[in-house]
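Encoded as structure tokens, the structure appears first; notes follow it.
Numbering (the working numbering), first residue to last: 8 to 342.
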């Protein structure tokens with residue numbers, strides 16, 4: 008039979024992985040399919056935000072002490088509404104919500120937990136910079152779905168994630184995800200005319216060493232000496248180590264990470280003394296650092312907080328913050 012020229016869809020890819028797991032029940036596939044629908048809706052609204060009066064701030068402050076953007080609220084609501092009824096989740100956690108999000112009593116519950124940043128980089132919305140949705144999926148520790156969920160079910164190290172990934176809303180909309188354990192990292196691009204994500208980047212591998220460093224150097228004066236020396240190292244000319252590196256920093260974590268995943272390099276958000284709240288780092292461990300760390304590890308890279316692997320950190324709080332060094336392994340090993 009002659010091929011149509013249409014690539015494998017994201018749904019087909021998830022189903023293929025399901026078939027390779029003899030213990031699969033279809034619950035994960037259902038969860039992912041609804042998440043994909045939510046991302047399509049968010050992508051549509053991001054593309055029409057400038058003419059739909061959903062750009063800008065709501066005037067409110069979220070649990071992270073950040074200005075809440077209108078698209079933040081919309082994206083958060085869409086994800087919650089699409090996922091709460093499917094019967095595969097026992098709870099959700101969002102950057103925008105101070106507490107865990109319970110599944111309404113009228114809906115069945117499952118064993119999965121999804122933690123997400125509904126719209127990473129939202130402070131860049133008004134200037135049309137790429138933004139994204141980041142997610143990580145766990146299974147609850149206790150197997151019984153009819154017992155009350157404990158916070159300890161949620162506060163697991165990132166190495167326990169069963170899947171992680173992100174949606175990138177830019178010149179095109181992409182999804183990049185992994186289920187770990189050697190399954191690879193795969194990227195899918197949304198084809199608007201079909202309304203489907205099609206496989207465009209199969210088995211992504213990050214270069215072992217890059218030539219890009221991504222960091223907000225405006226915070227240089229607030230870093231410790233060790234961090235300053237690291238940045239100076241990347242900027243210093245040395246032919247033997249192929250330096251200096253090129254500086255590339257958008258200010259949208261998911262956009263900076265995606266570029267470095269494909270091109271090689273290191274993204275850094277060090278701890279600083281600018282604000283007591285960020286003395287141990289600014290990025291959220293559970294909804295930002297853990298998911299991207301799972302992706303980069305499966306792609307052959309590495310993620311550290313400057314002391315050890317991000318994926319091995321034992322979280323104490325839902326909204327715990329961390330420093331983050333993530334990207335090509337040889338570059339992150341220097342941090």
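Cβ atoms here follow ideal geometry from the backbone N, Cα and C, with glycine treated the same way.
(request) Report yes or no: do three or more beta-carbon pairs, one from the segment 197 to 212 and one from the segment 221 to 233, lie closer than 8 Å? (result) No, because fewer than three Cβ pairs between the segment 197 to 212 and the segment 221 to 233 fall closer than 8 Å, the two stretches do not touch.
(message) Would residue 53 and residue 78 qualify as a contact pair, given that the criterion is a beta-carbon distance under 8 Å?
(response) Against the chain shown, residue 53 aligns to sequence position 46. Against the chain shown, residue 78 aligns to sequence position 71. Taking 8 Å as the Cβ cut-off, residue 53 and residue 78 qualify as a contacting pair.
(message) Give me, in chain order, the residues of the same chain whose beta-carbon lies closer than 7 Å to that of residue 40; leave out the 5 immediate sequence neighbours on both sides.
(response) Translated into positions along the chain shown, residue 40 becomes position 33. Around residue 40: 18.
(request) Starting from the Cα of residue 249, find the closest Cα among 272, 285, 228 and give me that residue. (result) Taking the chain shown and counting its residues from 1, one reaches residue 249 at position 242. Among 272, 285, 228, the Cα nearest to that of residue 249 is on 272.
(message) Tell me the rounded alpha-carbon separation between residue 81 and residue 91.
(response) For the purposes of this step, residue 81 is taken as residue 74 along the chain shown, with counting starting at 1. For the purposes of this step, residue 91 is taken as residue 84 along the chain shown, with counting starting at 1. Roughly 16 Å separates the two Cα atoms.
(request) Give the range of the alpha helix (DSSP H) segment to which residue 298 is assigned. (result) Counting from one through the chain shown, the residue named residue 298 turns up at place 291. Counting along the chain, the alpha helix (DSSP H) containing residue 298 begins and ends at 297 to 305.
(request) With residue 36 as the anchor, note down where its alpha helix (DSSP H) starts and where it stops. (result) The sequence position of residue 36 within the chain shown is 29, counting from 1. Segment 34 to 55, the alpha helix (DSSP H) holding residue 36.
(request) Determine the closest residue to residue 42 out of 108, 141, 307, 129, with distance taken between C-alpha atoms. (result) Counting from one through the chain shown, the residue named residue 42 turns up at place 35. For the residues 108, 141, 307, 129, the minimum Cα distance to residue 42 belongs to 141.
(message) Looking only at its chain, what residues have a beta carbon closer than 7 Å to the beta carbon of residue 230, apart from the 5 residues adjacent to it on each side?
(response) Taking the first residue of the chain shown as position 1, residue 230 is located at position 223. So the list reads 277, 279, once near-sequence residues are dropped.
(request) Return the chain-ordered list of same chain residues with a C-beta closer than 8 Å to the C-beta of residue 101, the five sequence neighbours on each side being excluded. (result) Here residue 101 refers to the residue found at position 94 of the chain shown. Counting only Cβ-Cβ distances below 8 Å, and skipping sequence neighbours, we find 83, 86, 87, 108, 122, 123, 124, 125, 294.
(request) State the Cα-Cα distance for the pair residue 319 and residue 166, rounded to the nearest angstrom. (result) Looking up residue 319 in the chain shown gives position 312. Looking up residue 166 in the chain shown gives position 159. Looking at the two C-alpha atoms, the distance is approximately 6 Å.
(request) Starting from residue 337, trace the beta strand (DSSP E) both ways and give me its first and last residue. (result) For the purposes of this step, residue 337 is identified with residue 330 of the chain shown, where counting begins at 1. Premise fails: residue 337 lies in the alpha helix (DSSP H), 336 to 339, not in any beta strand (DSSP E).
(message) At 3 residues or longer, what runs of the beta strand (DSSP E) sit wholly inside the segment 118 to 169?
(response) 119 to 127, 138 to 146
(message) Please give me, in chain order, every unbroken run of the beta strand (DSSP E) with length at least 3 that falls completely inside the segment 184 to 238.
(response) 193 to 198, 203 to 208, 219 to 221
(request) List the DSSP bridge partners of residue 99. (result) As a first step, residue 99 must be located in the chain shown, where it is residue number 92. Note: residue 99 sits in a beta bridge opposite 108, 121.
(message) By the DSSP assignment, the beta strand (DSSP E) with residue 311 in it spans what residues?
(response) Here residue 311 refers to the residue found at position 304 when the chain shown is read from its first residue. Annotation for residue 311: the continuous beta strand (DSSP E) segment containing it runs 309 to 311.
(request) Within the same chain, show all residues whose beta-carbon is closer than 7 Å to that of residue 147, passing over the 5 residues directly before and after it, in chain order. (result) Start at 1 with the first residue of the chain shown, and residue 147 comes out as number 140. Short of 7 Å from the beta carbon of residue 147, and not among the five residues preceding or following it, lie these beta carbons of its own chain, in chain order: 97, 118, 120, 156, 160.
(message) As a quick exercise: from 44, 193, 137, 297, pick the residue whose alpha carbon is nearest that of residue 325.
(response) Numbered from 1 along the chain shown, position 318 holds the residue referred to as residue 325. Answer by Cα proximity: 297.
(request) Specify, as a first and last residue, the run of the beta strand (DSSP E) that residue 87 falls within. (result) In the chain shown, counting from the first residue as 1, residue 87 sits at position 80. Run containing residue 87: none in the beta strand (DSSP E); it sits in the alpha helix (DSSP H), 77 to 90.
(request) From the DSSP output, in three-state form, read off residue 285 for me. (result) As a first step, residue 285 is located in the chain shown; it is residue number 278 there, counting from the start. Helix, per DSSP.
(message) Cutting at 7 Å between CB atoms, please list the residues of its own chain near residue 253, excluding the five before and the five after it.
(response) Counting from 1 along the chain shown, the entry for residue 253 is found at position 246. Contacts found: 218, 219.
(request) Consult DSSP for residue 245 and reduce its assignment to one of helix, strand or coil. (result) For the purposes of this step, residue 245 is taken as residue 238 along the chain shown, with counting starting at 1. Strand at residue 245.
(message) I need the DSSP call for residue 276, collapsed to helix, strand or coil.
(response) Reading the chain shown from its first residue, position 269 is the one you call residue 276. Strand at residue 276.
(request) Keeping to the same chain, check which residues put their C-beta closer than 6 Å to that of residue 174; ignore five residues upstream and five downstream. (result) Residue 174 sits at position 167 when you count from the first residue of the chain shown. Here the set comprises 46, 139, 140, 182.
(message) Would you say residue 282 lies against chain C (beta-carbon separation less than 8 Å)?
(response) Looking for chain C here will not work: only one protein chain is present.
(request) Have a look at 171, 337, 340, 311 and flag the residue whose alpha-carbon is nearest the alpha-carbon of residue 329. (result) Translated into the one-based positions of the chain shown, residue 329 becomes position 322. When only C-alpha atoms are compared, the closest one is 311.
(message) With DSSP as the reference, identify every bridge partner of residue 174, one or two as the case may be.
(response) Position 167 of the chain shown, counted from the start, is the residue given in the question as residue 174. Answer is 140, 182.
(message) Can you tell me whether residue 31 is buried or exposed? The criterion is at least 16 other CB atoms within 10 Å of its CB, across all chains shown.
(response) If you number the chain shown from 1, residue 31 lands on position 24. Exposed.
(message) Please report the distance separating the alpha-carbon of residue 185 from that of residue 113.
(response) Position 178 of the chain shown, counting from 1, holds the residue named residue 185. Position 106 of the chain shown, counting from 1, holds the residue named residue 113. Note on geometry: alpha-carbon atoms of residue 185 and residue 113 lie some 31 Å from one another.
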